[in-house]
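K.L.:
Right, I'll just put the structure down here and ask away after.
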Amino acid sequence: MDFLKNMLFDQATSSPTWAFWLLAAVGAATLARMALCTMTSAKQMFGPANNIRAYGNWALVTGATDGIGLSFAKILREKGLNVIIVGRSPEKLAAAREEILAHKAKTASTEVRTVLADLSNPESIKDIKTAISEVEVGILINNAGLSYNHADYLHNISPTLINNLIAVNVSSLTHITQAVLPGMTSRRRGLIINIGSAAGLMSTGDPLYSVYSGTKAYVDKFSRSLNLEYKSQGIHVECCVPYFVVSKMSKIRKPNFMTPTADNFARYALQRSGRSFLVLPYLPHALQHFVLESLPLSISSKLVLRHHLDVRRRALKRAERLAAEAAKAQATTAN
Ligand SMILES: NC(=O)c1ccc[n+]([C@@H]2O[C@H](COP(=O)([O-])OP(=O)(O)OC[C@H]3O[C@@H](n4cnc5c(N)ncnc54)[C@H](OP(=O)(O)O)[C@@H]3O)[C@@H](O)[C@H]2O)c1
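Oh and the sequence shown: position 112 is 98 in the numbering used here, straight run, nothing missing.
Following this line, the structure appears as structure tokens:
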């Protein structure tokens, strides 16, 4: 204590030393930075809703046959935009189109077009390019995504799944973005929302989802870079980050305070778009991220790993039970 006192105050005159002023300056700079960050976050979270009609009449949404993508497409139509939806299953595409058309819309004349494309196949981009060439796409939502069936070690992940994760989450997203840019730059307006994930943002990474986490970290850095690259040309690019949302991918069926429905998430995502290169649009997710990132890395890493090991243990137990039930049913039929 005496050491600190002697360092900060001159012993003879009791006046502050240079060390005192240095410490005071660092403290003031830290407080100013925290205040600025808080103000920026508050503005992003509570500022006026983005006018998504301002970008043009057409929006393109990938992975719009289910979950968050389907919700995005419905809300875009509700706001009066024409939508092109991309999906890999003809039946699901037709059903999604019906559902979007049945959704309330500002103007009944809005169109919903479909593009059948399996985004794990690089050739499928051609069909998307054709669809884009026929209209002026003002908004692109790169939402299609794929994850593991359950948490697991990399050596247990099939090479096919690894390739598909990179093809859908990284390659297709990059090529589709590239395809809409010439039109957007010539019109000097556009909004590109790339759906990332907490898995790609957390400092801990996402152990037992390593490839998924890596692909989503790409989405974050890609969007940040593009935002700076195209800002001066009137195009806003952002990475929109969900934690858990009710969907087929999360395997969560009931919403709660921390896990919104896909509709709710998509509504906040559109409302809070256009403000930053990185958006956590659902407030409880933003708070969750803040708390997790505030913990010492040694603690948050242990928590995340322990949680995923538990997910893996439960998934393997369930698979074992289902296999035993199937074997029993087969034996009964054989008898
Ligand atoms: N839900 C969450 O908790 C959560 C958390 C973090 C991030 N995310 C991200 O949010 C985005 C949407 O996920 P979601 O939760 O809505 O998942 P979802 O319900 O499984 O929907 C994913 C969509 O992507 C499509 N898709 C997958 N592989 C495709 C392929 N090869 N070609 C074309 N389309 C393909 C799916 O088509 P099918 O209908 O044919 O399968 C579906 O329409 C993803 O990028 C995901 O990584 C979700």
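We put the beta carbon where it would ideally sit given N, CA and C, even for glycine. The model shown is predicted, which means the values in this text are computed figures rather than measured ones.
Rounded to a whole number of angstroms, what is the C-alpha to C-alpha distance between HIS222 and LEU212?
P.N.:
8 Å
K.L.:
Report the partner residues of ASN128 according to the DSSP bridge assignment.
P.N.:
ASN180
K.L.:
Between ARG74 and ligand 1, is there a pair consisting of the residue's CB and a ligand heavy atom that are separated by less than 6 Å?
P.N.:
yes
K.L.:
Contact between the stretch 98 to 108 and the stretch 68 to 88 is defined here as three or more beta-carbon pairs at a separation below 8 Å; is this criterion met?
P.N.:
Under the 8 Å Cβ criterion, the stretch 98 to 108 counts as touching the stretch 68 to 88, having at least three qualifying pairs.
K.L.:
Can you tell me where the alpha helix (DSSP H) with GLU122 in it begins and where it stops?
P.N.:
Careful: GLU122 lies outside any alpha helix (DSSP H) and carries neither H nor E.
K.L.:
For ALA130, is the beta carbon positioned less than 6 Å from some heavy atom of ligand 1?
P.N.:
yes
K.L.:
CA-CA distance, PRO168 and LEU281?
P.N.:
43 Å
K.L.:
Would you say the beta carbon of LYS234 is closer than 6 Å to some non-hydrogen atom of ligand 1?
P.N.:
Here the distance from the Cβ of LYS234 to the nearest heavy atom of ligand 1 is below 6 Å.
K.L.:
Considering only C-alpha positions, which residue in the set TYR198, PRO270, MET244 and HIS293 is nearest to LEU151?
P.N.:
Answer by Cα proximity: TYR198.
K.L.:
What number of angstroms, rounded off, separates the C-alpha of HIS294 from the C-alpha of TYR139?
P.N.:
Looking at the two C-alpha atoms, the distance is approximately 10 Å.
K.L.:
State the DSSP-derived secondary structure class of GLY191, mapped to helix, strand or coil.
P.N.:
coil
K.L.:
According to the Cβ coordinates, are LEU194 and ARG299 closer than 7 Å?
P.N.:
no
K.L.:
Using only alpha-carbon positions, find the residue among LEU177, SER158 and SER259 that is nearest to TYR204.
P.N.:
SER158
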